[in-house]
Amino acid sequence: MTSFNEFGLAELINRALADEKYVTPTPIQAQTIPIAAQGRDVIGIAQTGTGKTAAFALPILNHLFNKRQRPSQKSCRVLVLSPTRELSGQIADSFKAYGRHIRPLEIALAIGGVPINRQIRALSRGAEVLVATPGRLLDLVNSRALWLDQVEVLVLDEADRMLDMGFIHDIKKIVAMLPKSRQTLFFSATMPQEITRLADAMLRDPVRVAVTPQASTADRIDQRVILTEKASKPSLLVEVLKTEKTDRVLVFTRTKHGADKVVRGLQKAGHAAEAIHGNKSQNQRERVLAAFRDGKLRTLIATDIAARGIDVDGVSHVVNYDLPNIPESYIHRIGRTARAGAEGVAISFCDNEERAYLRDIERLIRITIPATDRRTGKPPAHPAPHHAANRKNGRPYHRGKHQPRPQNGSHGHHNARPQSQHAEQGKGEPNGLGNVTFLHRSGEPRRNAGHRPR
Ligand code: AMP
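For the sequence shown, my numbering assigns the number -13 to the initial residue and increments by one for each residue that follows.
Structural data, given as structure tokens:
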């Protein structure tokens, strides 16, 4: 598919896509939209940044348009579950943007961290689409402000992140309340075993669509590593911000405390910066994100979870102030730049204690990231080719010589993953640029209750 017109979507939707200046469908859109528009269940293996929101939102809007029907009170026709407040907000905004010419169309948002009463009032009339985080959704169901027996389409977005964040039981509870005869669109960046089992239990004869954003995204990203002493990181960041031609910079730290410390350091050096993480109120987070999006704030410091839902085009640089201990997070992080076809730069600071993380990342992405050794304060010896850049004083540079090398996935203490993180993650991921694989799988019997509790 080279044009959105070929999908046969309603004219009002095509008009909204033209408003958005979308011309060509992304691979996940090209493969998902025709299948989802037929009412089939879909497993989409795709990350944020691939255009997956439109991949599910467009066929859903088309369905709502073709089957115009007032939603019942206290219920929704489409339920979208997403792991974070930010991502939920962005999904709701995308539905509003793509559905802007379809009227009336009620898009509701149910997320934690804000008072529940407004959400209860909004749902009292019913909504065509409800985008929700699992915890708040269950609160609404438990307080009898919402019934799930009218759901025609369920979207589960970022299923692997739901697992990481401990939402899997909530998801199972919610799915058990949905009607059996529904369409389910299931998206995950990776497919560890527990996610495969969840998908098998939830989906009926799904079509599997996989795109590999990391290859295509990573290709457009200029990735670099700077080896440094831990103590030099604050001044190194100031230097990077001064010397690089930056537009919007997203700086990642491992901890919330670390994020605040970086902000203080930058502010001291006269550089405006703000942090977004789980300790900030929803209002603060929204204000900071809006400033970043509008270009009023050019440097944003974030932790992995807080950044999960950040969808800002035009991030020119991602700086990994700390390397993530989960290698897949590196892919998620750098995917924040080079979005929607743009180019981007990802610079990672790596201190001695982080060498094992770097090794795991390089193993996962299957490239050696060009490295500059700044521990001696020397300028880059070999700036260009990948392998040459990993040499020091003309000799091959052995990373982590003094660090125990993790053996076949049995990681040292640096590498401790959260319990829920599966060893399978990252392995077995499809290869190739924007590859798309179809796989018809036979559905297993589902075990939904589907009763409306009265
Ligand atoms: P997503 O993966 O859904 O978070 O989308 C990533 C970014 O790509 C968002 O900023 C979208 O607005 C943008 N986008 C999605 N689909 C297209 C498209 N077909 N053409 C251009 N931009 C797109």
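Where is the CB? At the ideal position from N, CA and C, for every residue including glycine.
In this text, all values refer to a predicted model and were calculated from it rather than measured experimentally.
Grouping DSSP H, G and I as helix and E and B as strand, with all else coil, what is E230? Against the sequence shown, residue 230 aligns to sequence position 244. Correct three-state label for E230: coil.
Reference H49, options T354, I19, I29 and R322, closest by Cα: Counted from its first residue, the sequence shown places residue 49 at position 63. Of the listed residues, the one whose Cα sits closest to H49 is I19.
Same chain, Cβ closer than 8 Å to R210, five either side skipped, listed in chain order: Within the sequence shown, numbered from 1, the residue matching residue 210 stands at position 224. A distance below 8 Å between beta-carbons, with the five flanking residues on each side excluded, links R210 to the following residues of its chain, in chain order: V331, A332, I333, S334, I355, P356, A357 and T358.
Since E110 is in the alpha helix (DSSP H), which residue starts that stretch and which ends it? Here the question's residue 110 lines up with position 124 in the sequence shown. At residue 110 the sequence reads Ser, which differs from the Glu that was named. Its alpha helix (DSSP H) spans residues N103 to S110.
Since I believe L227 is in contact with T285 (beta carbons under 8 Å), could you give me their beta-carbon distance rounded to a whole number of angstroms? Mapped onto the sequence shown, residue 285 falls at position 299. Mapped onto the sequence shown, residue 227 falls at position 241. With 8 Å as the limit, T285 and L227 qualify as a contact, their Cβ atoms being about 7 Å apart.
Evaluate contact between the region 228 to 246 and the region 259 to 278, counting only Cβ atoms and requiring at least three cross-stretch pairs below 8 Å. The region 228 to 246, when compared against the region 259 to 278, does touch it at the 8 Å Cβ threshold.
Return the Cβ separation of V137 and C62 in integer angstroms, given the expectation that the two are a contact with Cβ distance under 8 Å. On the sequence shown, position 151 is the one that residue 137 refers to. On the sequence shown, position 76 is the one that residue 62 refers to. Taking a contact as a CB-CB distance under 8 Å, the pair V137 and C62 counts as one, their CB atoms being some 6 Å apart.
With respect to the alpha helix (DSSP H) encompassing A245, which residues constitute its N-terminal and C-terminal limits? The residue given as residue 245 occupies position 259 in the sequence shown. Here the alpha helix (DSSP H) through A245 covers K242 to K254.
For F(-10), which residues of its own chain have a beta-carbon under 7 Å away from its beta-carbon, when the five flanking residues on both sides are left out? As a position in the sequence shown, residue -10 is number 4, starting the count at 1. Here the set comprises N0, L3, Y8 and P11.
Quickly, what does DSSP pair R210 with across the bridge? List them, please. As a first step, residue 210 is located in the sequence shown; it is residue number 224 there, counting from the start. Under the DSSP definition of a beta bridge, R210 partners with I333.
Relative to the C-alpha of T239, which residue among R194, P310 and I14 is closest? What you label residue 239 is simply residue 253 of the sequence shown in a count that begins at 1. With distances taken between Cα atoms, T239 lies closest to P310.
In its own chain, which residues sit with a C-beta less than 7 Å from the C-beta of A100, not counting the 5 before and 5 after it? Stepping through the sequence shown from its first residue, residue 100 is reached at position 114. Correcting the residue type first, residue 100 is Val in the shown sequence and not Ala. Closer than 7 Å at the Cβ level, and outside the excluded window around V100, lie Q268.
Start and end of the alpha helix (DSSP H) containing T170? Your numbering for residue 170 matches position 184 in the sequence shown. Counting along the chain, T170 falls outside any alpha helix (DSSP H), though it belongs to the beta strand (DSSP E) covering Q169 to S174.
Is P11 near the ligand AMP, going by C-beta to nearest heavy atom under 7 Å? As a working note, residue 11 is residue 25 in the sequence shown. If you check the C-beta of P11 against the ligand AMP, you find a heavy atom less than 7 Å away.
Can you give the Cα-Cα distance for D233 and V64, rounded to whole angstroms? As a working mapping, residue 233 is identified with position 247 in the sequence shown. As a working mapping, residue 64 is identified with position 78 in the sequence shown. Roughly 37 Å separates the two Cα atoms.
Have a look at I46, R54 and S302 and flag the residue whose alpha-carbon is nearest the alpha-carbon of P90. Here residue 90 is taken as the residue at index 104 of the sequence shown, counted from 1. Each of I46, R54 and S302 was checked against the Cα of P90, and the nearest Cα belongs to R54.
Around the C-beta of K231, are 16 or more other C-beta atoms found within 10 angstroms, so that it is buried, or is it exposed? Taking the first residue of the sequence shown as 1, we reach residue 231 at position 245. When all chains shown are included, K231 counts as exposed.
Just how far apart, CA to CA, sit Y316 and L283? Residue mapping note: residue 316 aligns to position 330 of the sequence shown, counting from 1. Residue mapping note: residue 283 aligns to position 297 of the sequence shown, counting from 1. So the two alpha carbons sit approximately 23 Å from each other.
Using the Cα positions of A288 and P220, report the straight-line distance between them to the nearest angstrom. By 1-based counting over the sequence shown, the position of residue 288 is 302. By 1-based counting over the sequence shown, the position of residue 220 is 234. Note on geometry: alpha-carbon atoms of A288 and P220 lie some 15 Å from one another.
Is any non-hydrogen atom of the ligand AMP found closer than 7 Å to the C-beta of A16, if you look at the structure I gave you? Counted from its first residue, the sequence shown places residue 16 at position 30. No, since every heavy atom of the ligand AMP falls outside the 7 Å radius drawn around the Cβ of A16.
Environment of E(-8) [buried if 16+ CB atoms lie within 10 Å]: Here residue -8 corresponds to residue number 6 of the sequence shown, with the count starting at 1. Flag for E(-8) reads exposed.
A187 - DSSP class collapsed to helix/strand/coil: Stepping through the sequence shown from its first residue, residue 187 is reached at position 201. Reduced to three states, the DSSP call for A187 is helix.
On a CA-only basis, which of A255, V193 and L132 is nearest F172? Give me that one, please. Against the sequence shown, residue 172 aligns to sequence position 186. That would be V193, whose Cα lies nearest to the Cα of F172.
Under the three-state DSSP convention, the category V298 falls into: Here residue 298 corresponds to residue number 312 of the sequence shown, with the count starting at 1. Coil.
Assuming L73 and E6 form a contact by the criterion Cβ under 8 Å, report the distance between their Cβ atoms to the nearest whole angstrom. The count along the sequence shown starts at 1 and reaches residue 73 at position 87. The count along the sequence shown starts at 1 and reaches residue 6 at position 20. Contact doesn't hold; Cβ gap of about 19 Å is too wide.
Comparing the CB of D299 with every heavy atom of the ligand AMP, is any distance shorter than 7 Å? Locating residue 299 in the sequence shown gives position 313, counting from the first residue. Yes.
Among all the DSSP beta bridges, which residues are the ones paired with E260? The residue given as residue 260 occupies position 274 in the sequence shown. Answer by DSSP bridge pairing, in chain order: L286.
Going by the CB atoms, is the gap between A32 and A185 shorter than 8 Å? Counted from its first residue, the sequence shown places residue 185 at position 199. Counted from its first residue, the sequence shown places residue 32 at position 46. The Cβ atoms of A185 and A32 do not sit closer than 8 Å to each other.
Check whether the region 69 to 89 touches the region 155 to 163, counting contact only when three or more Cβ pairs, one atom from each stretch, lie closer than 8 Å. Judged by pairs of C-beta atoms under 8 Å, the region 69 to 89 does not touch the region 155 to 163, as fewer than three such pairs exist.
Based on the DSSP secondary-structure assignment, which residues constitute the bridge partners of T358? Residue numbering aside, residue 358 sits at position 372 when the sequence shown is read from its first letter. Paired residues: I212.
Can you find a heavy atom of the ligand AMP that lies under 7 Å from the Cβ of Y8? Reading the sequence shown from its first residue, position 22 is the one you call residue 8. Yes, Cβ of Y8 sits closer than 7 Å to a heavy atom of the ligand AMP.
In whole angstroms, what is the alpha-carbon distance linking H388 and E348? For this step, residue 388 is matched to residue 402 along the sequence shown. For this step, residue 348 is matched to residue 362 along the sequence shown. At H388 the pLDDT is 31, less than 50, meaning the model places this residue with poor confidence and gives no usable figure here.
To which residues of the same chain is F81 closer than 6 Å at the C-beta, ignoring the five residues directly before and after it? By 1-based counting over the sequence shown, the position of residue 81 is 95. Same-chain partners within the cutoff: A43, I93 and V115.
Local conformation of F238 per DSSP, three classes: Mapped onto the sequence shown, residue 238 falls at position 252. Strand at F238.
Less than 8 Å between the CB atoms is what I'm expecting for L236 and L142, so what's the real figure, rounded? Position 250 of the sequence shown, counting from 1, holds the residue named residue 236. Position 156 of the sequence shown, counting from 1, holds the residue named residue 142. With 8 Å as the limit, L236 and L142 do not qualify as a contact, their Cβ atoms being about 26 Å apart.
Just to check, is the beta-carbon of K38 closer than 7 Å to a non-hydrogen atom of the ligand AMP? To locate residue 38, count along the sequence shown from 1; it is residue 52. Within the cutoff, so yes.
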